[in-house]
Every structure is written in structure tokens, then in C-alpha cells.
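According to numbering that gives the first Met the number 0, the residues represented by the sequence shown are 0 to 80, in order. C-beta: ideal position from N, C-alpha, C; glycine also. This structure is a prediction, so every number in the text was calculated from the model and none was measured.
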Amino acid sequence: MLTVSQPPVQLKTEDTGEAHLHALRERFEPTRQAHQKHIDIGKNKLRKLLEDDFLRLHQAWQQEFADIVSGTKEELPPWRK
């Protein structure tokens, strides 16, 4: 009978979790920084809107949707014959 010897099983004894996390962070850090840059640009645009702009936009919205937000009429429409 022929026997084949197998190499002994070796288990990793070092903690690779932290190294793996650092590798992932380096991989995705540029993406996160680019995303943060877009968020900052949006915040700057919002800061540029002045209170006058908000009032103007609010009035335009009220005029455009007055029939929807004004409530119900107190009189009934005429009857059809």
C-alpha cells in the first residue's frame, strides 16, 4: 500500500483584520473624499440663496398652486340639467 503524506495544516496566527480594514480604507478613501466634495459644493450653493430668494420662490409656488392649496369653496357648483 502506498501512502501519501500531507503537509501539516497551518493556521494564521496573526490578526489580519486590521490590515484588511486599512486596505479597504485606502481603496475607498478617494471615493469618500470625492463624495464629500460634492456635498460641500451643494452646501455652498444653498448658502448663496438669500432670504429674498426664499420669499420670491415661496410666492411663485403659492401663485402656481393656489387652486390646490386654497381649500374648498363654500358654494356648490351649478347643477347640470
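Using C-beta distances below 7 Å, list every residue in its chain close to residue i, excluding the 5 sequence neighbours before and after it, in chain order.
i, result
"His-57", "none"
"Ala-138", "This structure cannot speak to residue 138, because the chain is shown only from 0 to 80."
For residue i, collect the residues of the same chain with a Cβ closer than 8 Å to its Cβ; drop the 5 residues on either side in sequence, then sort them by chain order.
i, result
"Gln-32", "none"
Residues in the same chain with beta-carbon distance under 6 Å from residue i, minus the five sequence neighbours each way, listed in chain order, please.
i, result
"Leu-20", "none"
For a test of the three-state rule: what should DSSP assign to residue i, helix, strand or coil?
i, result
"Arg-31", "helix"
"Phe-53", "helix"
"Val-68", "helix"
"Arg-26", "helix"
"Trp-60", "helix"
"Glu-74", "coil"
"Lys-36", "helix"
Report the rounded CA-to-CA distance for residue i versus residue j, giving the unit in angstroms.
i, j, result
"Asp-52", "Thr-30", "33 Å"
"Glu-28", "Val-68", "47 Å"
"Ala-65", "His-34", "38 Å"
"Gln-61", "His-37", "31 Å"
"Leu-49", "Gly-70", "30 Å"
"Gly-16", "Pro-6", "26 Å"
"Arg-55", "Arg-26", "45 Å"
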